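So the sequence lines, in the order shown, correspond to chains S and E. Be aware that the first sequence starts at 33, since it is given in the numbering used here, and climbs by one per residue. Be aware that the second sequence starts at 9, since it is given in the numbering used here, and climbs by one per residue. All C-beta atoms, glycine included, are put in the ideal place defined by N, C-alpha and C. Just so we're clear, the structure is a prediction, and the values are computed from it rather than from any experiment.
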Amino acid sequence: MSSLKPAGGPEIQLYESRKEVFPKAVDGFYRRLKWGIMAITLAIYYITPWIRWDRGPHAPDQAVLVDLANRRFYMFNIEIWPHEFYYVAGLLVMAGIGLFLVTSAVGRAWCGYACPQTVWTDLFQHVERFVDGDRNAQFRLKDAPWGPQKIFKRLSKWAIWLFIAFWTGGAWIMYFADAPTLTVDFWTGQAAMVAYATVGILTAITFIFGGFMREQVCVYMCPWPRIQTAMMDEKSLLVTYKDWRGEERGSVKKAKANPDIYGDCVDCNQCVAVCPTGIDIREGPQIGCITCALCIDACDKVMGQVGRPRGLIDYITADDAEAEAKGAETPPTWKTLLRPRTLVYFGVWAAIGLAMLFTLGNRTRLDIAVQHDRNPVYVQLAGGEIRNSYTAKIRNMESRPREVEIAISGLEGATLWAGGTARPDTQTKLTTKVAADSVAKVRLFVAGPREGGKQAYKMSVRGTDEDAVTDIEELFFERPGE
Amino acid sequence: MADNQRIDEPTGTQTVGHEWDGIEELDTPMPRWWLWTLYATIIWGIVYVILYPAWPMVNSATEGVLGWSSRGDLQQELDARDKELEPIRQALVAGDINTLYEKPELMQAAIEGGRSAFKVHCVQCHGTGADGIRPGSGYPNLNDDEWLWGGDLEAIEYTLVHGIRNPDHSETRFSQMPAFGRDGILSSAEISDLVSHIRVISGEEEQSASATRGAALYESNCAVCHGADGTGDRTQGAPNLTDAISLYGIGRTSLTNTITNSRYGVMPRWGHRLDPATVRMLAAYVHSLGGGEALPAATNADEAVAEEAAGDQAVGEGGKDVQS
Ligand code: SF4
Ligand code: SF4
C-alpha cells in the first residue's frame, strides 16, 4: 500500500507498533524467588490431577476432579454437589478479597510472580535464551537473514514452545476426568472430541500468548492492571526508581570528575535490558510494570560492582519514597504491611474461610425433598380416608450405599407407604435403599382420616445406621373442604 | 466531477473528486480483511442458497440440493428415539403383565411412557391429574382405590384394550342398568325410598322409615347386580354402593336421576388404535397412581422400593441427577 505513504511526511499510525522485547538474563534474590514460585505453581498445575485419594469403591479416586458429566466436584476429602455450589462461589469471593489484600499490601505481586501469563512467558523466555542466546545474540539473530542456522534455531525454539504449550493444554483436561484413563484414551484416539478441542485451543493460546503476545497481554488486554491500580494506595509496595538518589545519571568516570552533579545511577541501562515488558522504570511508575522486580536484581548487581549501596531501584511505598526523598526516617516495611486496611481485608478473608470450613464440617450428607402431587392434591379413598401423594427425592451424598428410614410425625391416624407396594394397615415409617452418591426418587402415599382440614406435619429422613434425623421436610396434609 | 480527483498531500491518498464548500472526501481503500470477509460472505450466501431451502415460492420454498428441512430433522430425532425405546417396548409386550412389578426397571419405564401417552389420549375425559376432573363428573378418578371393573394390571389392561360399552365390539366390558323411573318399573315415591336406603348404606343419612321401605325395594330390584350388601359386582361393573366414592355423586338429586334414567358411561377401546406396548404402559401408569390392586405386600416394601430406586437410576431419571 505504498500509496498510503505520505510523500516525505511522518507515517501515521493508530497504534504504536510493538517493539520486540529481548530481556537479558539476570540473577539475584528476586530472580531466585521467581524461580521458586514458578517451580511451585507449575508443579501444582501439572501434578495435582495425578494425586490419588481413596474414597472407596463408589467414588472416583482422583484427589481433585471436576466431574462435569455427573456434576460433582471433588477436592481431597470434600465433595461438592451442584446445590452446594456456593462453596465455589465462596472460594471465588475469597480469591477476590485475597487479591485486594495482596494488592493493597504488596502492589502487583500477582502480576509479577503468580499470574499464568507471567509464569509461562517467563518460562518461554528462558527457552528463548537457551536456544537463541542472551539479549544481544537475540537482537543479532532477529536482524540476520534467513539461513539454515536461523531456520534451525527458530524451528527448535517453536518446537520446544509447542511442546510446553501442548502439555499445558493436556494437563488442563486431566482435571475433568480420571487422569490415567484419559491419558490412555487421549493417545489411543478414544477421548471425547471436546478433550481434543480443549487441548488444541489451550495449546494454541499458550503458544501465542507466551511466545508472541507476552507483555502486550498485560498492557492491552488484561483488566487486572486497571483494577489493581485502583486498589493500590500510597502505602502499597511498588518497584520504584529512587530518582532523588539516582539523578543526574552519569558514568562512574563522570561522577568522579563531578561528584556534586551526578547521582548513583550509572546509566548502564541494565534495568531496561532485563525488563520483561521492555519499559524503563526510571521514567516512574507505569502500567507496563508488572513489578517482577528483576530490575532490582539487575541494579543491585551494578551497584555492587561500582561499590555503591544496593536498592537504587527497590520496593518502596509512595509515602516512604516521599519521606526518603526529603531525607526523613521511614518506618520498617512490616509496619506498612500491617496497617488497618490490610488487617481488615485479612479479617474478612479469614472470616469467610472459617465460616466455609465450619459449614463444610456441619453440612448434612443425607437429605430429603418432597413434592406434593398438585393434581389432585388429595384423593378420596373408598374406605372414607383421604390420601395425599408425594414424590420424594432422597439425596445420599456419601460415597456408600445407604439404607434410610423415612418417617412421618404429627399426623394422627396416618399411614405411610411407598409406591409399588400394597397399602399396610398402619405404618408411619418405611425404609428404602439409596445407591452411593445418588438421588433416589420414591413415590410416597400418606392416608389419614377425612376430618381435620388442612394440617401441617413433618416427614423426616435418617440413615438406619445413625440415630439422628438428618433432614426434616415440613408438609401439609390436604383434605376436602375449606 | 471526476476531473477534480487529486492526490491529497498530507495523507498521500486519492480523493474521490467530490467537493462541497472545500470539503473533500478521501478515496481510502477498504481494509483488505474487510473486503475478503465481504467476498467470503457472498460466496457463503451462494453456497447456502444452493444447498438449503432459500427462495420462497408460491406454495413452498426451493428445496436445496441437500433436501434439508427442520421437520425432517425433528422426524429423524423422533425416529432415533423410537429406535432407542424399541427394546423396552418389546420387553413390555413379551412378558406377562402381572409380573411387571418384578422388573422394577421395566415398570418404571412403562410408567413414564404411560404418563406421556395418558396426556395425549386420556386427559380429555379423566383430566390431567387422572382424577376424573371433579367428583361426581361420571369420569372415574383413577387415583383412588375404587374400581368398577377391577384394578389389577390385567383388568386395567383389558378395560383399555376393549373399552367399556362399545357396541361394535364383542369383547367390550358391558352392562346396562335399567332406567327404573323412565321405563315405569318404579314410581317416583319408590325411587325416593330407594335413594334413602342407598344413602343409609353409604353412610350419608340416618336410618329412616323411607330407607326401610327402600331396603325392601333394593332387595327385589337391585341386589341381583349390586349384591345383597350393596358392595357391587365387578364382573358387570356394578359399583359398590356402600363406600365413600360414587361416580355420579351421592346427593339425592343425582341418585334419583341415576335410578330414574340409569347411566351409560362409555370408554372408547384402544386395542385397535394404540399398539400393545403403549396400552401396557398406560395400564402400568394408571396402576401406579396409588389405587392399583394385587401389589406386593408392604412387608416387602423395603426391597421393592430400593429396587425401584435403582431402576430409576438405570433409566436415567434419577441417579446422579439433581432435579429439584
Ligand atoms: S497484567 Fe494481567 S496478564 Fe499481565 S501479569 Fe498482570 S494479571 Fe497477568
Ligand atoms: S520495570 Fe522492573 S519490575 Fe517493572 S516489569 Fe520491568 S523489570 Fe519488572
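Counterpart residues of E27 (chain E) in DSSP-defined beta bridges: Locating residue 27 (chain E) in the second sequence gives position 19, counting from the first residue. Its beta-bridge partners are E:E32.
Excluding five sequence neighbours on each side, which residues of the same chain lie with their C-beta closer than 6 Å to the C-beta of T391 (chain S)? Reading the first sequence from its first residue, position 359 is the one you call residue 391 (chain S). Here the set comprises nothing.
Could you tell me which residues DSSP pairs with R434 (chain S) in its beta bridges? Within the first sequence, residue 434 (chain S) is the residue found at index 402, counting from 1. Answer by DSSP bridge pairing, in chain order: S:V466.
If we define contact as Cβ-Cβ less than 8 Å, is S421 (chain S) a contact residue for chain E? Translated into the one-based positions of the first sequence, residue 421 (chain S) becomes position 389. Interface residue (Cβ-Cβ distance to chain E less than 8 Å): S421 (chain S) is classified as such.
With contact counted as at least three CB pairs below 8 Å, one residue from each stretch, are the region 89-106 of chain E and the region 286-293 of chain E in contact? yes
Any heavy atom of ligand 2 inside 7 Å of the beta-carbon of L326 (chain S)? Within the first sequence, numbered from 1, the residue matching residue 326 (chain S) stands at position 294. Because some heavy atom of ligand 2 lies under 7 Å away, the Cβ of L326 (chain S) counts as near it: yes.
Residues of chain S with a CB under 8 Å from the CB of P334 (chain E): which are they? Chain E is shown only over 9 to 332; residue 334 (chain E) falls outside these bounds and no answer can be derived.
D497 (chain S) and L398 (chain S): beta carbons closer than 8 Å? Position 465 of the first sequence, counted from the first residue, corresponds to residue 497 (chain S). Position 366 of the first sequence, counted from the first residue, corresponds to residue 398 (chain S). No, the Cβ-Cβ distance between D497 (chain S) and L398 (chain S) is not below 8 Å.
Three-state secondary structure assigned by DSSP to A309 (chain E): One-based indexing of the second sequence puts residue 309 (chain E) at position 301. Bear in mind that the predicted position of A309 (chain E) carries a pLDDT of just 43, short of 50, making it too unreliable to give a figure here.
Is I311 (chain S) a contact residue of ligand 2, with contact defined as CB to any heavy atom under 7 Å? Numbered from 1 along the first sequence, position 279 holds the residue referred to as residue 311 (chain S). Checking the Cβ of I311 (chain S) against ligand 2 gives yes.
Whole alpha helix (DSSP H) elements within the region 275-311 of chain E, 4-residue minimum: Listed in chain order, they are 284-296.
Residues of the region 252-279 of chain E with Cβ closer than 7 Å to any Cβ of chain S, in chain order: A252 and I253
Counting only C-beta atoms, is L303 (chain E) closer than 8 Å to chain S at any point? Within the second sequence, numbered from 1, the residue matching residue 303 (chain E) stands at position 295. Closer than 8 Å to some Cβ of chain S, the Cβ of L303 (chain E) qualifies, so yes.
Quick check: what's the CA-CA separation for S68 (chain E) versus R79 (chain E)? Along the second sequence, read from residue 1 onward, the residue named residue 68 (chain E) stands at position 60. Along the second sequence, read from residue 1 onward, the residue named residue 79 (chain E) stands at position 71. Roughly 14 Å separates the two Cα atoms.
For chain E, find out if any of its Cβ atoms is closer than 8 Å to the Cβ of P148 (chain S); answer yes or no. Walking along the first sequence from the start, residue 148 (chain S) turns up at place 116. By this cut-off, P148 (chain S) is not an interface position.
Take I426 (chain S) as the anchor and find which of S:K473, S:Q157, S:S441 and S:L74 has the nearest alpha-carbon. For the purposes of this step, residue 426 (chain S) is taken as the residue at position 394 of the first sequence. The shortest C-alpha separation from I426 (chain S) is found at S:K473.
Please work out which residues of its chain come closer than 6 Å, Cβ to Cβ, to T368 (chain S), disregarding the five sequence neighbours upstream and downstream, and give them in chain order. The residue given as residue 368 (chain S) occupies position 336 in the first sequence. Only K267 and T349 meet the Cβ criterion.
Since G222 (chain E) is in the alpha helix (DSSP H), which residue starts that stretch and which ends it? The residue you call residue 222 (chain E) lines up with position 214 of the second sequence. Residues A217 to N229.
State the DSSP-derived secondary structure class of D86 (chain S), mapped to helix, strand or coil. To locate residue 86 (chain S), count along the first sequence from 1; it is residue 54. Of the three classes helix, strand and coil, the one that applies to D86 (chain S) here is coil, per DSSP.
Under a three-way DSSP split, which group does P18 (chain E) fall into? Taking the first residue of the second sequence as 1, we reach residue 18 (chain E) at position 10. Looking at P18 (chain E) - three-state DSSP - the assignment turns out to be coil, as it is neither helix nor strand.
Can you pull the chain S residues whose beta carbon is under 9 Å from the beta carbon of T136 (chain E), in chain order? Walking along the second sequence from the start, residue 136 (chain E) turns up at place 128. What T136 (chain E) touches in chain S, judged by beta-carbon distance under 9 Å, is N407, going in chain order.
9 Å Cβ cut-off: residues of chain S touching E179 (chain E): Mapped onto the second sequence, residue 179 (chain E) falls at position 171. Correct list: empty, because the minimum Cβ distance to chain S is about 27 Å.
Buried or exposed: R181 (chain E), going by 16 or more other Cβ atoms within 10 Å of its Cβ? Position 173 of the second sequence holds residue 181 (chain E). Buried, because 16 or more other Cβ atoms sit within 10 Å of the Cβ of R181 (chain E).
Quick check: the region 209-223 of chain S against the region 111-119 of chain S, are at least 3 beta-carbon pairs closer than 8 Å? Under the Cβ criterion (8 Å, minimum of three pairs), the region 111-119 of chain S does not count as touching the region 209-223 of chain S.
When S:M70, S:R50, S:E354 and S:A467 are compared against C324 (chain S), the one with the closest alpha-carbon: Position 292 of the first sequence, counted from the first residue, corresponds to residue 324 (chain S). Among S:M70, S:R50, S:E354 and S:A467, the Cα nearest to that of C324 (chain S) is on S:M70.
I need the DSSP call for A355 (chain S), collapsed to helix, strand or coil. Residue numbering aside, residue 355 (chain S) sits at position 323 when the first sequence is read from its first letter. It is helical.
Cβ of V271 (chain S) versus every heavy atom of ligand 2: is any distance shorter than 7 Å? Here the question's residue 271 (chain S) lines up with position 239 in the first sequence. Yes, the Cβ of V271 (chain S) comes within 7 Å of a heavy atom of ligand 2.
Listed by chain order, chain E residues near F241 (chain S) by CB distance under 8 Å: Taking the first sequence and counting its residues from 1, the one referred to as residue 241 (chain S) is at position 209. Within chain E, no residue comes near F241 (chain S); the closest Cβ sits about 22 Å away, beyond 8 Å.
Per-residue DSSP class, three states only, for S200 (chain E): The residue labelled residue 200 (chain E) in the question sits at position 192 within the second sequence. In the structure shown, S200 (chain E) sits in a helix (DSSP, three-state: H, G or I).
Considering only their Cβ atoms, is the gap separating Q318 (chain S) from A211 (chain S) smaller than 8 Å? Taking the first residue of the first sequence as position 1, residue 211 (chain S) is located at position 179. Taking the first residue of the first sequence as position 1, residue 318 (chain S) is located at position 286. Going by C-beta atoms, A211 (chain S) is not nearer than 8 Å to Q318 (chain S).
Per DSSP, which one or two residues make a beta bridge with S441 (chain S)? For the purposes of this step, residue 441 (chain S) is taken as the residue at position 409 of the first sequence. S441 (chain S) pairs with S:K490.
Beta carbons nearer than 9 Å to chain S: which residues of the region 93-108 of chain E have them? none
With a threshold of 8 Å between beta-carbons, can G416 (chain S) be considered close to chain E, or not? For this step, residue 416 (chain S) is matched to residue 384 along the first sequence. Cβ-Cβ to chain E under 8 Å: yes for G416 (chain S).
Can you tell me whether DSSP reads A424 (chain S) as helix, strand or coil? Here residue 424 (chain S) corresponds to residue number 392 of the first sequence, with the count starting at 1. Three-state DSSP puts A424 (chain S) in a strand.
Output yes or no for whether 8 Å exceeds the beta carbon distance between H90 (chain S) and R432 (chain S). Residue mapping note: residue 90 (chain S) aligns to position 58 of the first sequence, counting from 1. Residue mapping note: residue 432 (chain S) aligns to position 400 of the first sequence, counting from 1. Yes; because the gap between Cβ atoms is below 8 Å, this pair is in contact.
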